[in-house]
Structure formats: structure tokens, C-alpha cells
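In order, the protein sequence lines correspond to chains A and B. Mapping to our numbering: the first sequence position 46 is 98, numbers consecutive. Mapping to our numbering: the second sequence position 44 is 27, numbers consecutive. For each residue, glycine too, the CB sits at the ideal point set by N, CA and C. Notes for the one structure printed next.
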Amino acid sequence: MITTALRMLIGDKTKLLGLIFGVAFSTLLICQQVSIFAGLLGRASSVINDVRSADIWVMDPSVRTIDASYPMRDTELSRVRGVEGVAWAVPLFKSQVQVRTREGRLENAVILGVDDASLIGVPNEFLLGRVEDLALPDAIAINPAGFRLLFPGAELDVGRELELNDRRARIVAILDAAPAFAANLTIYTRYSLATTYTNPGRNVMSFIIARSGDGLSPEVVAQNITDRTGLKAVSSSAFRNESIMYIIENTGIPVSFGTVVVLGAIIGVAIVGLTFNQFIMENLKQYAALKAIGLKNRRLLAMTLWQAGFVCVIGYGLGLGAAVMFFRSTADVDALRGFYLLPEVAGGVAVLAAVIVLLSTLVSMRRVLTVDPATVFRG
Amino acid sequence: MSSTTIQHSQKHAPPSGSDAAVVCRSIEKSFGEGQARVRVLRGTDFDAKAGEMTFLVGPSGCGKTTLISIIGAILSCDDGDIRVLGDDLRRMRNGRLAEFRLDNFGFIFQQFNLLPALNAAENAAIPLVARGYSTRKAERVASEMLDKLGLGEHTRKIPAQLSGGQQQRVAIARALVHSPRIVICDEPTASLDAASGQRVMELLRDAAMDHERAVIVVTHDDRIFRFADRIAHMADGTISTVEQGKAEHSKTAVAPEDTTP
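See below:
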């Protein structure tokens, strides 16, 4: 009877389109919103992700996120280096700075100063230039999104000069750093240079990034650092999660996205529920006839579930396809960099779409199950 | 040909002879509760034998539809005995009743009740598909039945593309395609003009009448009484009179050749 059930559904093209549209719309909306939300959260930890060589982050005990640091004394670096299990530790400066081009374009940027000697902390992927170039005078490296922000329409290149807080800086490399939460433009330079581009106070060191020794877990070493120095030390993954949770707990972003997601689900349930109910009501006499002929409730239930499943699969497929198209079409948009459809989101929305369709069809199913087959004899 | 037996006023009498396909004794059925309770069937007795076309006629509200619903194992009675093909319907549970209907009954409804999205062959094939036939085989058997009913060129048309008479013929095919022992027709000509009604009844007679099959027709249409072997008149929930019909059956039974799933 599966074919019969599907033919019944396909035969009513208007309602079929309505049902599929409902599921597809919800799928697209929820996929897109959840993915962008996940992308935004990813930006909250993008700097941590880009500093791959370190697995421990050390900071002032009051710090709760990568985006708000409280400077530490430079002497803390030596104390951390002295803790057992620490393979190496280097300073990291992080701040925000205003950048102006010669053409007068002004942008806000996240600036990261890495250890002058080792240059540890700079992302590995260089599109133009080399990491060694950062040793040159006034040398900075920026991300492609930042370059295009500063020089709209220009091809990526090196050698251009910028003004950072009234000081000259020269782009020597383009590196593939992800945009940060606070700004699309990310600048990497030497620690000593970074501090001159900003106006730090007495203490300037934002973070200490460190590596745990062979065979030691970063969590254990981080705990050692905390115990020995009184500073807050956490593993990279813990700091990543903490930064993300900070955004979730302290901004209205989750509520905003969550509202859209819930609305998407409600609209899906409403469209699919009403349309499916109308479809069932119009076919109720036929269901009664099928019951009279001898089909059991179990079979009729299976038929409606197949119809619901068909709508769910097609609607979800189309919605997912539209979401993929959206993210593909925006892949080159720097403002949306890092926003892409996660497999986890696609999987989660598949479950949600199934729940939406199931919820929507429950009332209709009840009508099918309770319809009196004797009604077929009543004119 | 055996004759239909309608017995009156035999309270809880034992079922009649072994050739009776349907035996109803003292059937009671009421609807509603308290003061709103309506006693629809009042100790109704009714028999129908295989090989006969029995008409059940009477004014609206006399209980015809309730009686055929009970005979068709769709509705349960409050009291009385009902045996269909020797089985006591009152002892069967809902699931078994559904199986019993599927195996033994063919229904023809006043409004045809064809699935609008399915073509004629698919509609006619439903009882076979429900019994486990593959869709392809069921549609092949259904197409053969439609061909015998003169719809061979319309098997791929959906109901909306067929006339009322043609739709009723599809319903007849659906009712007969699985070779049921009992066919129940509810006002089969009510939605048709006179000529179409006559044609449908001729086809029904030719296709359905078989020495092993009982056909029960509920109708108001006295223009088709000539097809009846027996006419049972019903009034106020009981069979009031029974008259002999004047049917001259075609002996050419029509049934699908292969009915194994």
C-alpha cells in the first residue's frame, strides 16, 4: 500500500507542494541560522584555533574570553617557563587598533603580537610572503578578508603601507587567519612592534601561550601553572569552550538566533500541519472506504507515515540543498567567512524536520485512525 | 438456483441451511444514550444465500444502512446472532473482522469512494494489494477485470476523467477483483442517470453473480428491481415483507483467473 499512499499524496500536487515547501522552508531557515550562529561562535575562538602550536593559554585570573584580556606583568612569563611540564612558553599580545590606509579608509582591527624571537603564534598558512618576513622593520601580516576590507577590488599583494595609531606599518605577508569575533581585519606582527602600535599601560602582556611537555596532558600542566603562579591556565580546548560560552551567556545572540530557529520550526509545523490535515480531511472518506474494504488501522497508519516520510525527505532535501547553495554562494563574501553548513547542523535539522513532520501529522493520523468505516454508507 | 430466504419474527432461531451466506437473527442495534437513544434495528432477521441477488429496500431511516454495516462486519450489533459464511461475527475482534472483510467482502458504495489520485486499475487493484499482491500483478488482474466490465481502454484514467457510470464500474471491479464470497452494494445506481444505472446493474449482474457468491443490494431505485432474486422490504428496523424477484441471471460468472498473492 506504500505506492497507493504515495500516489494519493502525489496526486494532490497543490498540497504536496505546500507540504514540501513547509518542510523545506523550515529546513533552510534553521540550517542557515544555526550555521551562522555556529560560525559566530567559531569566530569567538578563531584566534585560539589559529595558534595551533600552543596547547595551553595562561592569563590573568579575571579573564573569561579571548576577546577581553587583562594585561599581566612581563615577569610572569619567566614564572610560567619555570613550571614543571612546560616545554616552552611565549608571550602573546592582543588588542584592538585603528587602521588607516593611504587612501583614507579607516577600519578597526584585532592586532596580535607574537614572540619576537620565535614568532610562535602566527598561523601556518601563508598566501603571500613568509613568516620570516615578519622580522623586517614595521612588518605586519594580515588576513585576506582584512586586505579586501582595506583595499576593495584590489588583488592580494604585499608591500602596501598602513597607518596604525599614527605609526607606519608595511604589509609583508597575507596569511589565512580566520576573522575574529570583534573585527574582520586581523593583524599579526612582532610582540614588540604590536605594543608600539597601541597605547598599552604599564603591563602589556595579554596572554602567555605555552606547550606541554612530551607525554603530559595540557590540562595537567595548566593546573601546575595555576598552582605555581596563581595565574589562570587552561588548555586550548578549554579556553575555546570558555570563550564560546562567554558569548552564549553574555550576549543576546543565542536568544536572537534561537528565536528565529523556534519561529522556523513553528512555521514549519503550522504549514505542514494545516496542509496535511486538510489533505487527510479531504481524503477521509477514502480512508473510511479503505477501512471498510478491510485495511487495518496499522496499515493506514503506515500509509500516513509513508506520506509524512516522503514529504519530510523531499522537503528536507530541498531545504538542505537551498542552504548549501546559500553558503556556497556566500563562500567568497568576507563578512560571512567561516560561516558554513556543518554536518552536525545538517544532521540535527534532519531530526528536527522529522519531528516537525511527525508533530504536524499526529492530529491528522488520529483522524485516520478514528474514522468510522460505516461513514461510507452514509451518502 | 437457490432462493433467498427471509425469515420473520423468529427470535434467536438457529441459523438456516448450510448454503446461507448470511444469517441474521434477532439483530438489535441502537444509537445514542438515554433519552436520545434510537433503536434502529428491532430484532431483525435476514438471510442471504450464495448465488442470489437480494435487494434490501425501504424508506430512509428504516435501518437498511445499519443492517448492511452489521452484515459487512463494519458495525457490531447490540444483540442477536449474525453468521457470515458460517463464522460468528460477534466472536471476532476488530483486527480479525478487518481481515474477514478483506477476504470475503466486496463493497460498492453510493459515492463510489474511489481514490481520486489513483487511476482505474490502481483503484480496482486495492483489495489485491492489501492482500499482499505485488502492485504490478494486482494492477494486471484489476485491468483484466476492468476489461471485462468494458473499461479496457480507461484503465489509466483517474476518476475525474471518467463518467459516473464508468466510475461505478471501477467500483464494481474493485469489489469483485479479489473474488469475494459476498458483495454489498449501497445504492449503486443512486448517483447515476437511468440508462447508466441499468447498464451498471447489468454489468453487476453479469460480473458478480456466481453460484458461490451472495450479492446484497440496498436501493431506493425501483427501476432496477427486475435484477433481484428476492426483495426484502424493511420498515422501522424490521423486515416487513419479502417478495420473489424476477431476475433472469446471466450465468456467465466473471472472476479473475489467478487470485493467489
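Counting pairs of Cβ atoms below 8 Å between the region 149 to 160 of chain A and the region 264 to 279 of chain A, do you hit three or more? no
Continuous beta strand (DSSP E) stretch holding S9 (chain B): start and end: 3 to 14
N-terminal and C-terminal residue of the alpha helix (DSSP H) that A285 (chain A) is part of: It is not in any alpha helix (DSSP H) - A285 (chain A) instead sits in the beta strand (DSSP E) that spans 284 to 287.
Is N302 (chain A) buried or exposed, if buried means 16 or more other CB atoms sit within 10 Å of its CB? exposed
With a cut-off of 8 Å, does the C-beta of T356 (chain A) fall near any C-beta of chain B? no
Grab the span of the alpha helix (DSSP H) containing P142 (chain B) for me, first residue to last. First-last for P142 (chain B): undefined, no H or E at that position.
So which of B:L98, B:V166, B:A19 has the shortest CA-CA distance to Q150 (chain B)? B:L98
Excluding the five sequence neighbours on either side, which residues of its own chain have a C-beta within less than 6 Å of the C-beta of L72 (chain B), listed in chain order? A56, I65
What is the rounded straight-line gap between the Cα of I305 (chain A) and the Cα of K146 (chain A)? 24 Å
Which residue comes first and which comes last in the alpha helix (DSSP H) that contains K32 (chain B)? Where K32 (chain B) is concerned, there is no enclosing alpha helix (DSSP H), although the beta strand (DSSP E) it sits in stretches over 21 to 32.
Between G70 (chain A) and chain B, is there a C-beta pair that is closer than 8 Å? no
Could you tell me whether the Cβ of D432 (chain A) comes closer than 8 Å to any Cβ of chain B? Absent from the structure is residue 432 (chain A), since the part of chain A shown begins at 53 and ends at 431.
Can you name the start and end residues of the beta strand (DSSP E) that C168 (chain B) belongs to? 165 to 169
Using a beta-carbon distance below 8 Å, is D169 (chain B) in contact with chain A? yes
Whole-angstrom distance between L93 (chain A) and Y392 (chain A), CA atom to CA atom: 12 Å
L39 (chain B) beta carbon less than 8 Å from that of R47 (chain B): A small correction: the amino acid at residue 47 (chain B) is Lys; Arg does not occupy that position in the sequence shown. Yes, the Cβ-Cβ distance between K47 (chain B) and L39 (chain B) is below 8 Å.
How many angstroms separate the CA atom of V409 (chain A) from the CA atom of E334 (chain A)? 19 Å
Just mark D119 (chain A) as buried or exposed, buried being the case when its beta carbon has 16 or more other beta carbons within 10 Å. buried
List, in chain order, every chain B residue whose beta-carbon is nearer than 9 Å to that of T413 (chain A). Going along chain B, no residue has its Cβ under 9 Å from T413 (chain A), so there is no contact; the nearest lies around 18 Å.
Short of 7 Å in beta carbon distance, which residues of its chain neighbour A191 (chain A), apart from the five on each side in sequence? Order them along the chain. D185, R222, V224, T241
Do I109 (chain B) and I332 (chain A) have their C-beta atoms within less than 8 Å of each other? no
For N255 (chain A) and G390 (chain A), the rounded distance between their alpha carbons: 33 Å
Can you tell me whether A405 (chain A) is buried or exposed? The criterion is at least 16 other CB atoms within 10 Å of its CB, across all chains shown. buried
Contacts that M333 (chain A) makes with chain B (C-beta to C-beta distance below 9 Å): Near M333 (chain A) there are no residues of chain B at all, since even the closest Cβ is about 14 Å away, more than 9 Å.
Taking C-alpha atoms, which residue in A:K284, A:L80, A:A387, A:K65 lies nearest to L129 (chain A)? A:K284
Measuring only between beta-carbons, confirm whether V124 (chain B) sits less than 8 Å from chain A. no
Would you report the Cα separation of L164 (chain A) and T238 (chain A), rounded to the nearest angstrom? 8 Å
Could you tell me the alpha carbon to alpha carbon distance between S295 (chain A) and V110 (chain A), rounded to whole angstroms? 14 Å
Can you check DSSP and say which residues form a bridge with I40 (chain B)? Before going further, note that residue 40 (chain B) is Val rather than Ile in the sequence given. According to DSSP, which records beta bridges pairwise, V40 (chain B) is partnered with B:H216.
In the DSSP assignment, what residue or residues form a beta bridge with T224 (chain B)? B:H216
Who does D70 (chain B) pair with in a DSSP beta bridge? B:V67
Against chain A, with Cβ distances strictly below 8 Å, would T48 (chain B) count as a contact? yes
Have a look at the DSSP bridge pairing and note the partners of V198 (chain B). B:M36, B:V166
Please state the DSSP three-state secondary structure of T49 (chain B). helix
Please say whether V201 (chain B) and V166 (chain B) have beta carbons closer to each other than 8 Å? no
To the nearest angstrom, report how far apart P(-2) (chain B) and N87 (chain B) are at their CA atoms. The predicted position of P(-2) (chain B) is uncertain, since its pLDDT is 40 and thus under 50; a value taken from the coordinates is nonetheless stated next. Whole-angstrom Cα-Cα distance: 19 Å.
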